[in-house]
Amino acid sequence: MGGPTLQGVAPGTPRAGVPSAPRDRDRALARSWPSLAAGAVAVILLARLAWDAGGYFPSAFVAAGALAFAALGALLLAHLPHYRFRTHALTGFGTLGLLAAWTGASALWSPAPDAALEDLQRDLLYVALFGLGLLAAGSGRHARLLVWAMLAFVVAVAGAGLLGRLEPSLGIGGPEPAGVAAHRLSGPLGYWNAFGALAAMGTVLAAGLAADARSRPVLRAAASAGAVLLAVAMYLSLSRGAWLALVAGLLVLAALGARRAGLLATLGVAGGAAALAILRLRGYPALTGDPAAAGGQAAAGRAYLPQLLALAAGAAVAQG
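If you're matching positions, the sequence shown starts at 36 in my numbering and goes up one per residue.
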């Protein structure tokens with residue numbers, strides 16, 4: 036009744052040798068949850084550091100390092116047999132560990148041993164975060180997802196600083212610096228060179244992912260739009276080092292890219308939109324110079340923001 040069965044097997048009973056979908060999902064979840072947990076811990080710690088002066092002060096990086104090592108140790112003890120780390124991954128982890136050890140040893144001959152010990156603690160945070168990144172990659176299963184997550188994180192941090200400049204009433208970009216750095220976009224990290232470097236690295240990453248033919252068109256379009264926003268944020272940092280980093284990164288990307296024609300087309304789309312956005316930005320001195328010029332920073336931001344979003348959307352459409 037209710038339809039034929041196969042060799043006397045009741046309906047709904049999985050055949051021998053044929054894995055059921057729920058069982059496969061359970062197994063995939065059992066393999067993936069440590070990676071998801073490691074990635075979540077890393078992102079939360081990085082976000083906390085970003086809005087705490089970029090983790091510059093010991094009170095920030097010591098606490099973050101302790102939490103990162105605690106999470107890393109717990110995840111390794113729980114699921115170490117499920118991970119297989121490649122040689123180059125372990126080499127990177129070991130190299131960072133050796134750097135931290137050498138930094139700590141330098142306290143023996145340094146004229147400022149306390150500073151060396153502080154740098155040791157900061158380096159140990161890098162070691163722990165790198166280890167969490169390896170776990171988040173899940174022996175390579177989630178490597179691409181991890182890269183996209185990092186791009187989203189960079190866009191969130193740099194975008195908060197950019198939006199804080201364009202809409203200062205929101206207060207999400209951190210306090211604006213005073214004195215010689217008054218016009219250099221630095222929030223939420225608090226230092227314009229660090230902010231510019233982060234935005235430059237994010238621009239290169241966004242361009243590379245936008246040109247990746249293996250990704251879905253909607254993701255590639257979003258990456259192209261992100262590259263435009265990150266380039267504008269980098270420009271507002273007024274950091275010359277960030278421009279050098281951007282050029283060097285794009286040259287390396289072009290040299291190592293497997294599909295140079297597609298990459299050049301992507302750079303033309305995102306780069307053209309970013310160039311137009313920067314040219315339009317120069318018409319608003321309240322955003323790049325004196326906040327009180329031509330009606331004030333808030334009015335300039337409200338006038339410029341729709342243009343920026345339109346150019347980013349245009350880059351996304353063209354990329355798609």
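Just so you know, even glycine gets a beta-carbon here, dropped at the ideal spot from N, CA and C.
Would you call the region 257-269 and the region 320-335 in contact, with 3 or more CB pairs under 8 Å?
No contact exists between the region 257-269 and the region 320-335.
Which stretch, first to last residue, makes up the alpha helix (DSSP H) that contains residue 165?
On the sequence shown, residue 165 is found 130 positions in, with the first residue counted as 1. That run of the alpha helix (DSSP H) goes 148-172.
Going by Cα to Cα distance, which pick from 146, 69, 194 is closest to residue 231?
Looking up residue 231 in the sequence shown gives position 196. When only C-alpha atoms are compared, the closest one is 194.
Take every Cβ of the region 174-188, pair it with every Cβ of the region 314-322, and state whether three or more of those distances are shorter than 8 Å.
No, they do not touch.
Over the uninterrupted alpha helix (DSSP H) stretch that includes residue 373, give me the two end residues.
The structure shown does not extend to residue 373, since the chain is modelled only from 36 through 355, so no value can be given for it.
How many angstroms separate the CA atom of residue 218 from the CA atom of residue 113?
Translated into the one-based positions of the sequence shown, residue 218 becomes position 183. Translated into the one-based positions of the sequence shown, residue 113 becomes position 78. Distance between the alpha carbons of residue 218 and residue 113 is about 49 Å.
Less than 7 Å between the beta carbons of residue 10 and residue 235, yes or no?
The requested residue 10 does not occur in the structure, where the chain is confined to residues 36 to 355.
Can you say whether residue 325 is buried or exposed, counting buried as having 16 or more other CB atoms within 10 angstroms of its CB?
Locating residue 325 in the sequence shown gives position 290, counting from the first residue. Exposed, by the Cβ-count rule.
If I follow the unbroken alpha helix (DSSP H) through residue 270, where does it start and stop?
For the purposes of this step, residue 270 is taken as residue 235 along the sequence shown, with counting starting at 1. Residues 252-271.
For my contact list, residue 242 and residue 288 are in at a C-beta cut-off of 8 Å; report their separation, rounded to the angstrom.
Here the question's residue 242 lines up with position 207 in the sequence shown. Here the question's residue 288 lines up with position 253 in the sequence shown. With 8 Å as the limit, residue 242 and residue 288 qualify as a contact, their Cβ atoms being about 7 Å apart.
Here's a check: name, in chain order, each residue in its chain whose Cβ is nearer than 7 Å to the Cβ of residue 345, leaving out the five neighbours to either side.
For the purposes of this step, residue 345 is identified with residue 310 of the sequence shown, where counting begins at 1. Answer for residue 345: no residue qualifies.
Determine the DSSP secondary structure at residue 223, reduced to helix, strand or coil.
Walking along the sequence shown from the start, residue 223 turns up at place 188. Coil.
Distance check for residue 298 and residue 248, CA to CA, integer angstroms please.
Within the sequence shown, the letter at position 213 stands for residue 248. Within the sequence shown, the letter at position 263 stands for residue 298. Between residue 248 and residue 298, the C-alpha separation is close to 10 Å.
Can you tell me whether DSSP reads residue 218 as helix, strand or coil?
Stepping through the sequence shown from its first residue, residue 218 is reached at position 183. Looking at residue 218 - three-state DSSP - the assignment turns out to be coil, as it is neither helix nor strand.
I'd like to know if residue 314 contacts chain D, where contact means its C-beta is closer than 7 Å to some C-beta of that chain.
The structure shown contains no chain D; it is built from a single protein chain.
Comparing alpha-carbon positions, which option in 73, 70, 79, 86 lies nearest residue 207?
What you label residue 207 is simply residue 172 of the sequence shown in a count that begins at 1. Considering only alpha carbons, the answer is 86.
For residue 252, which of 67, 352, 150 has the nearest alpha-carbon?
Within the sequence shown, residue 252 is the residue found at index 217, counting from 1. Among 67, 352, 150, the Cα nearest to that of residue 252 belongs to 352.
Apart from the five residues just before and just after residue 233, which ones in its own chain have a Cβ nearer than 8 Å to its Cβ?
What you label residue 233 is simply residue 198 of the sequence shown in a count that begins at 1. Excluding positions up to five away in sequence, the list reads 189, 192, 193, 224.
Between the C-alpha atoms of residue 273 and residue 220, what's the straight-line distance to the nearest angstrom?
Translated into the one-based positions of the sequence shown, residue 273 becomes position 238. Translated into the one-based positions of the sequence shown, residue 220 becomes position 185. Cα to Cα, the separation comes out at about 7 Å.
Helix, strand or coil for residue 319? Go by DSSP, reduced to three states.
The residue labelled residue 319 in the question sits at position 284 within the sequence shown. Residue state, collapsed to three classes: coil.
Give the single residue among 354, 315, 78 whose Cα lies nearest to the Cα of residue 339.
Position 304 of the sequence shown, counting from 1, holds the residue named residue 339. Closest by alpha carbon: 315.
Hey, could you find the ends of the alpha helix (DSSP H) residue 177 is sitting in?
Against the sequence shown, residue 177 aligns to sequence position 142. Segment: none, residue 177 is in no alpha helix (DSSP H) and carries neither H nor E.
On the CB-based measure, 16 or more other CB atoms within 10 Å of its CB, does residue 301 come out buried or exposed?
Stepping through the sequence shown from its first residue, residue 301 is reached at position 266. Result: buried.
Are the region 67-75 and the region 168-176 touching by the rule of at least three beta carbon pairs closer than 8 Å?
Output reads yes: the region 168-176 touches the region 67-75.
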